[in-house]
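Residue numbers (my numbering): 1 to 642. In this text, a Cβ means the ideal position worked out from N, Cα and C, and glycines have one as well.
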């Protein structure tokens with residue numbers, strides 16, 4: 001029986017064994033998937049698998065099993081590959097079948113040739129996703145994931161290894177890509193193959209399995225530096241070409257996935273692709289792909305590694321403190337949820353106190369911030385997203401570091417976030433909307449290409465007077481559509497395509513925001529700290545790590561709970577609303593009812609209640625009355641519309 005080290009360090013040998021036992025039966029692919037699925041179900045086995053999010057590529061063993069937590073940034077066209085091929089020994093005429101699945105290049109043993117005309121050859125299809133780390137992923141998510149894997153991986157063999165060469169820099173990789181002859185010389189210097197013949201080599205040889213068309217000629221000096229296409233500026237981590245073999249129709253752009261697969265960083269890929277780009281003997285009629293498309297779709301494997309997926313799953317969340325799938329009826333998951341729900345009340349009270357201090361003593365604003373942080377789009381009726389709760393926190397100090405420090409605190413609580421500093425310059429010069437580059441045949445990312453449940457904090461306090469140009473107007477419009485409809489219209493040049501999203505938007509402003517919102521809360525500071533940075537830093541220092549982790553679990557868990565309203569409570573709410581309309585027909589509208597129901601929903605969930613009670617409904621009415629009274633009071637003070 002294979003040991004743990006076999007399926008972690010040499011998954012292709014496991015696949016080879018299953019393939020050999022089951023050929024010509026086509027069930028071998030299904031058995032491979034079931035084998036690895038069973039292995040990963042073992043106690044903490046998923047934590048034994050090294051992650052590309054934590055370990056640099058050059059410390060991972062090629063062709064070992066790895067995992068990657070990522071967002072699908074783009075989907076390339078499906079590609080053909082040689083799924084099964086046959087080799088022949090010219091001396092003995094012995095024939096052997098091999099699998100090409102989970103590989104970038106086909107392999108054969110010494111003194112063997114690949115029979116390209118064999119009747120046993122099977123051509124299959126796979127889909128390539130361009131995946132990036134989850135945009136805006138918080139540092140604490142990375143740290144906790146890494147520490148968990150570090151502790152648990154000590155009981156299993158490691159797939160990491162010490163590379164025999166020093167890691168090349170990005171500049172050296174680009175130099176190799178631009179001057180493939182250097183890399184080819186290094187590669188051929190270690191090989192016994194002579195000339196360009198792929199047959200008759202003493203050492204094992206590889207033949208590219210990916211079927212490709214001709215390519216345009218490109219001058220090496222014309223290639224600009226490779227853009228990894230991260231949606232947010234300053235992002236770090238590897239981008240990967242993820243090769244999916246089954247059920248790729250169930251995944252879509254912007255999905256967050258965890259994939260388990262075979263790591264491929266074969267340098268021969270760069271050689272083959274560079275030779276194809278440099279070839280001048282291609283028939284121009286066969287050149288379907290542009291040189292730029294080849295450069296983007298086939299980057300150096302050392303910069304953009306390949307993962308051949310054996311198992312992949314969509315993630316409900318990326319919080320490492322929670323079980324991965326909360327919908328499963330597993331005893332451990334149910335036990336985790338029930339144990340945490342039993343201590344929910346004190347956690348909420350502590351979180352409310354923490355946010356009250358962060359909001360300078362304003363407990364009402366802290367209540368609404370909690371409701372905002374657990375909100376999520378739970379359904380859509382036609383084009384209307386239900387459950388979105390964008391909060392405009394007005395009354396924030398102008399030209400101060402308040403929003404910056406508030407964002408840093410929120411960043412410590414949520415798994416993914418981004419701070420958008422709204423200024424004339426950023427509106428006019430930033431790329432918010434992803435657009436299609438038809439020359440490179442890829443989706444160029446934008447700031448609003450974010451994963452579900454990302455917290456977007458928009459700071460309007462830095463906004464000065466100025467003129468928005470055409471790009472700035474489009475960016476502001478995109479923000480408005482994101483907030484109102486929870487969608488982003490990607491630009492495909494000749495048309496726009498709607499991509500639904502689920503982004504929590506918090507807007508900080510001095511007066512009423514220029515952007516739409518579901519709820520405006522005017523900040524009323526009870527304390528004005530002389531040193532804002534020192535004050536905010538002390539808040540985090542004062543919170544124990546264990547308490548901070550409870551806050552993180554609280555905010556992630558509650559947005560995943562189901563919620564309902566009984567017929568009895570629905571009738572009581574309707575009667576109550578009718579009575580409110582009688583008493584104040586001018587100021588109480590249907591929009592107010594919708595807002596109160598939203599507040600009541602998130603107020604109930606914040607207390608761990610999955611149904612609306614009479615008590616929570618009355619509390620929601622009370623909060624809304626206090627919020628409106630505060631806005632009215634502020635309007636009377638400064639005479640401006642809020």
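What's the gap between the Cα of residue i and the Cα of residue j?
i, j, result
"residue 138", "residue 16", "39 Å"
"residue 28", "residue 261", "17 Å"
"residue 723", "residue 247", "This structure leaves residue 723 out entirely; the chain is present only between 1 and 642."
"residue 480", "residue 518", "12 Å"
"residue 297", "residue 587", "57 Å"
"residue 626", "residue 521", "10 Å"
"residue 453", "residue 411", "13 Å"
"residue 435", "residue 228", "15 Å"
"residue 469", "residue 428", "6 Å"
"residue 49", "residue 12", "15 Å"
"residue 173", "residue 239", "Per-residue confidence for residue 173 stands at a pLDDT of 42, beneath the threshold of 50, marking its modelled position as unreliable; no derived number is given."
"residue 104", "residue 368", "52 Å"
"residue 73", "residue 526", "44 Å"
"residue 308", "residue 243", "5 Å"
"residue 467", "residue 142", "40 Å"
"residue 460", "residue 592", "26 Å"
"residue 568", "residue 233", "51 Å"
"residue 516", "residue 31", "53 Å"
"residue 413", "residue 117", "59 Å"
"residue 360", "residue 408", "15 Å"
"residue 89", "residue 136", "53 Å"
"residue 303", "residue 471", "32 Å"
"residue 450", "residue 231", "7 Å"
"residue 524", "residue 538", "21 Å"
"residue 200", "residue 109", "With a pLDDT of only 36 at residue 200, under 50, the local geometry of the prediction cannot be trusted, and the value read off the model is given with reservation. Computed Cα separation, rounded: 10 Å."
"residue 38", "residue 86", "30 Å"
"residue 535", "residue 336", "35 Å"
Using the DSSP secondary-structure output, state which residues sit across from residue i in a beta bridge.
i, result
"residue 446", "None, per the DSSP bridge assignment."
"residue 394", "522"
"residue 480", "DSSP, once it has assigned bridges, lists no residue as partnering residue 480."
"residue 37", "According to DSSP, residue 37 bridges with nothing at all."
"residue 487", "500"
"residue 98", "85"
"residue 492", "DSSP output for residue 492 lists no bridge partner at all."
"residue 458", "420, 507"
"residue 241", "130, 306"
"residue 611", "564"
For chain D, find out if any of its Cβ atoms is closer than 7 Å to the Cβ of residue i; answer yes or no.
i, result
"residue 95", "Within the model displayed, chain D is absent; a lone protein chain is all it includes."
If you follow the alpha helix (DSSP H) that residue i is in, where does it begin and where does it stop?
i, result
"residue 119", "That residue, residue 119, is in no alpha helix (DSSP H); it is neither H nor E in DSSP."
"residue 604", "590-606"
"residue 508", "Run containing residue 508: none in the alpha helix (DSSP H); it sits in the beta strand (DSSP E), 504-508."
"residue 21", "11-22"
"residue 577", "567-583"
"residue 265", "Looking at the DSSP string, residue 265 is not in any alpha helix (DSSP H), and its letter there is neither H nor E."
"residue 543", "It is not in any alpha helix (DSSP H) - residue 543 carries neither H nor E in the DSSP assignment."
"residue 317", "Here residue 317 belongs to no alpha helix (DSSP H), and DSSP marks it neither H nor E."
"residue 365", "363-373"
Which residue from the options puts its Cα closest to that of residue i?
i, options, result
"residue 82", "625, 343, 123", "123"
"residue 293", "443, 47, 350", "443"
"residue 98", "92, 107, 9, 90", "107"
"residue 315", "55, 266, 85, 255", "255"
"residue 377", "389, 595, 264", "389"
"residue 464", "426, 66, 487", "426"
"residue 76", "42, 335, 131", "131"
"residue 322", "532, 556, 601", "556"
"residue 440", "252, 422, 500, 295", "295"
"residue 424", "58, 36, 87, 475", "475"
"residue 501", "64, 362, 318, 252", "252"
Leaving out the 5 sequence neighbours to the left and right, which residues in its chain are closer than 6 Å to residue i when beta-carbon positions are compared?
i, result
"residue 564", "611"
"residue 433", "446, 478, 491"
"residue 580", "588"
At what residues does the beta strand (DSSP E) containing residue i begin and finish?
i, result
"residue 385", "384-386"
"residue 405", "Looking at the DSSP string, residue 405 is not in any beta strand (DSSP E); the run it does join, the alpha helix (DSSP H), is 402-411."
"residue 354", "Residue 354 -> not in any beta strand (DSSP E); alpha helix (DSSP H) instead, spanning 344-358."
"residue 73", "65-75"
"residue 418", "417-421"
"residue 586", "Counting along the chain, residue 586 falls outside any beta strand (DSSP E), and DSSP gives it neither H nor E."
"residue 107", "105-108"
"residue 250", "First-last for residue 250: undefined, no H or E at that position."
"residue 236", "Counting along the chain, residue 236 falls outside any beta strand (DSSP E), and DSSP gives it neither H nor E."
"residue 296", "Premise fails: residue 296 lies in the alpha helix (DSSP H), 291-297, not in any beta strand (DSSP E)."
Give every residue of the same chain whose Cβ lies closer than 7 Å to the Cβ of residue i, excluding the five residues on either side of it in the sequence, and list them in chain order.
i, result
"residue 485", "383, 385"
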